[in-house]
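K.L.:
Numbering (the UniProt record's numbering), first residue to last: 1 to 94.
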Ligand code: SF4
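This is the structure in structure tokens:
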């Protein structure tokens, strides 16, 4: 997992309700977030600084902030999820 935004959760506090960050209670990421560069580990759990509730984000469809997958509409209007190759991502940064 990327540590590029390791400080993204700076100031977060563990509370009884969950991880409190900027007035939000953060929920841990879900399996669909695995591989996303935005996910940040805080102590023993991984959270998403972009979305307090990743599960809810994904319940509407693909997360539009995901760095590891991309939604594509097929001709029939179906949404297809394409995994992005890590090598492609690296190439973009060059
Ligand atoms: S940006 Fe989306 S896919 Fe990435 S960790 Fe957050 S909720 Fe998950």
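We put the beta carbon where it would ideally sit given N, CA and C, even for glycine.
Quick one: Cα of residue 17 to Cα of residue 41, how far?
P.N.:
The sequence position of residue 17 within the chain shown is 17, counting from 1. The sequence position of residue 41 within the chain shown is 41, counting from 1. Distance between the alpha carbons of residue 17 and residue 41: 18 Å.
K.L.:
Between the Cα of residue 24 and those of 85, 9 and 45, spot the shortest distance and give me the residue it belongs to.
P.N.:
The residue given as residue 24 occupies position 24 in the chain shown. When each option's Cα is compared against that of residue 24, the closest is 9.
K.L.:
Let me know if residue 29 comes out buried or exposed under the rule of 16 or more other beta-carbons within 10 Å of its beta-carbon.
P.N.:
Here residue 29 is taken as the residue at index 29 of the chain shown, counted from 1. Result: buried.
K.L.:
Please report the straight-line C-alpha distance between residue 78 and residue 26, rounded to a whole angstrom.
P.N.:
Indexing the chain shown from 1 puts residue 78 at position 78. Indexing the chain shown from 1 puts residue 26 at position 26. Whole-angstrom Cα-Cα distance: 31 Å.
K.L.:
Alpha carbons only, please: which of 71, 67 and 75 is nearest the one belonging to residue 50?
P.N.:
Within the chain shown, numbered from 1, the residue matching residue 50 stands at position 50. Here the closest residue by C-alpha is 67.
K.L.:
Quick one: is the Cβ of residue 24 within less than 6 Å of any heavy atom of the ligand SF4?
P.N.:
Taking the first residue of the chain shown as 1, we reach residue 24 at position 24. Because no heavy atom of the ligand SF4 lies under 6 Å away, the Cβ of residue 24 does not count as near it: no.
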